[in-house]
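Protein chains in written order, with this note's numbering: chain Y, 3 to 250; chain F, 3 to 250. Note that the Cβ used here is the ideal one computed from N, Cα and C, for glycine as well. As the structure is a prediction and not an experimental result, all values here were calculated from the model.
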């Protein structure tokens, strides 16, 4: 499950930590197997999470400390890991209502950034996230940075961004791109819901072709010497402005 | 220079990449030595950066590809690294004016987060950053995530947060803490400048003692299932609101 092809073929992913296991259960995903190191697992909350997974049908396998360290990707493993049945949702599942807000992530390569983007979209009340190109949302480091939100929020993994834009247009969803070259700031723009905010690659931003498909563009004022912000920070700033302007 | 004690004793730090070297020069810091791999360094911009460092007095050492890979912390090294003379500024150097905006970072442990926080503070037009406890701002991964802004923005490394709060009070700087437990949102709060925004540890947030020393607290609405945002994202959202409310 360390390889994307393996995750996509099996529909399974690997997570570590109590919160991740609970989020998977709460999100309605099947926990296939819980791997635990009883020597490390001390809190009641942790044991309750294991019990919940087990009563939902998960196999529970106890590992010795050295075995757990081998499967863990953390410096200080908490002692619980799990195999979760999870697949991205189809595009149709992102059916909009009048106040829907989406995040579209194009070609983000850092798994930590992608997970943080999904966590941020959840925080800002997004209806769903579309991920195109770049890293896979089920990458262990993306799931880790998502802190379980990947299991709670509908996440679509798009093969073609053109298909996504076609579908958004049919559904009456306007699209706003975050771009360093936009003339209007995200403070000054008027927004119409349902709305999708679009963010791009860490270094290059959004391609000209993708920018051309977006309804309009906004920039975040850069008031110091840096020319850009981290993509998750930029998305958080724009999404929270959209959350504030939200009709509901 | 991989160890904090070594960096603090020598007043030197290690960076990789063209932008970092240029930011150090532009920030007025001495480049002690440039390490380069001529086989990797292809762009004119890169060679101009090396020339600027050299004319400012830096020693230039050419390494073989295998040697450069050994000193590099990157998967795809760009072929230029440098030893920079850099120390945090004294607290006195953060002298406020009527519209000053500071970021105070308490006990952030992830070096990438700290660098992203400094980059975000730069973007939002902060006057300076105070770092207390947690990871050291000259950590290579913090410098990397800061994309050179650490060399441009005054950064104070505080031994005692109490001393910082005493000094802020004397200077008439109000303090606003970001906390999940605050009653008012950052949207609704009134802000008075000069102002310092305070953010805390990735897991635990700010301690009760630190919250008690802050003038007031604001929370970021959590509109999904997550209970918190990444600290850099949270800081970005609050700092950009402060930048918008800024008197200038």
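Status (buried if at least 16 other CB within 10 Å, exposed otherwise) for residue i
i                      : result
residue 141 of chain Y : buried
residue 174 of chain F : exposed
residue 31 of chain Y  : buried
residue 2 of chain Y   : Limits of chain Y in this structure are 3 at one end and 250 at the other, which puts residue 2 of chain Y out of reach.
residue 133 of chain F : buried
residue 205 of chain Y : exposed
residue 22 of chain Y  : buried
residue 74 of chain Y  : buried
residue 129 of chain Y : buried
residue 60 of chain Y  : buried
residue 9 of chain Y   : buried
residue 53 of chain Y  : exposed
residue 228 of chain F : buried
Beta-carbon proximity list for residue i, same chain, < 6 Å, skipping 5 on both sides
i                      : result
residue 217 of chain Y : 176 and 177
residue 24 of chain F  : 51
residue 118 of chain Y : 147 and 234
residue 179 of chain F : 200, 208, 213, 216 and 219
residue 251 of chain F : Here chain F has residues from 3 to 250 only, and residue 251 of chain F is not among them.
residue 167 of chain Y : 215
residue 90 of chain Y  : 157, 158 and 159
residue 29 of chain Y  : 153 and 154
Distance, residue j Cα to residue i Cα
i                      : j                      : result
residue 58 of chain F  : residue 82 of chain F  : 16 Å
residue 220 of chain F : residue 64 of chain Y  : 43 Å
residue 114 of chain F : residue 232 of chain F : 11 Å
residue 15 of chain F  : residue 3 of chain F   : 6 Å
residue 201 of chain F : residue 131 of chain F : 11 Å
residue 276 of chain Y : residue 223 of chain F : One cannot answer for residue 276 of chain Y here, as it falls past the ends of chain Y, which runs 3 to 250.
residue 27 of chain F  : residue 237 of chain Y : 31 Å
residue 72 of chain Y  : residue 78 of chain Y  : 12 Å
residue 96 of chain F  : residue 184 of chain Y : 33 Å
residue 203 of chain Y : residue 109 of chain Y : 5 Å
residue 18 of chain F  : residue 66 of chain Y  : 40 Å
residue 164 of chain F : residue 98 of chain F  : 18 Å
residue 47 of chain F  : residue 135 of chain Y : 29 Å
residue 38 of chain F  : residue 143 of chain F : 19 Å
residue 62 of chain Y  : residue 76 of chain Y  : 20 Å
residue 169 of chain F : residue 161 of chain F : 13 Å
residue 68 of chain Y  : residue 210 of chain F : 37 Å
Test item: CB-CB of residue i and residue j under 8 Å
i                      : j                      : result
residue 239 of chain F : residue 239 of chain Y : yes
residue 36 of chain F  : residue 87 of chain F  : no
residue 111 of chain Y : residue 137 of chain Y : yes
residue 182 of chain F : residue 230 of chain F : yes
residue 197 of chain F : residue 244 of chain F : yes
residue 116 of chain F : residue 107 of chain F : yes
residue 44 of chain F  : residue 70 of chain F  : no
residue 127 of chain F : residue 225 of chain Y : yes
Own chain residues within Cβ distance below 8 Å of residue i, not counting five before or after
i                      : result
residue 40 of chain F  : 64 and 81
residue 6 of chain F   : 138, 140 and 141
residue 155 of chain Y : 120, 123, 124, 128, 130 and 131
Distance cut-off 7 Å: residue i Cβ against heavy atoms of the ligand FAD
i                      : result
residue 213 of chain F : No copy of the ligand FAD occurs in the structure displayed, which carries no ligand at all.
Proximal residues to residue i (C-beta, below 7 Å), its chain only, five neighbours per side dropped
i                      : result
residue 55 of chain Y  : 23, 27, 33, 36 and 84
residue 49 of chain Y  : 43
residue 242 of chain Y : 126
residue 186 of chain F : 220
Check whether the region 184-193 of chain Y and the region 149-161 of chain Y are in contact - that is, three or more C-beta pairs closer than 8 Å.
Contact fails: fewer than three Cβ-Cβ distances are below 8 Å.
Under 8 Å: do the region 118-128 of chain Y and the region 93-108 of chain Y share three or more Cβ pairs, one atom per stretch?
Contact holds: three or more Cβ-Cβ distances are below 8 Å.
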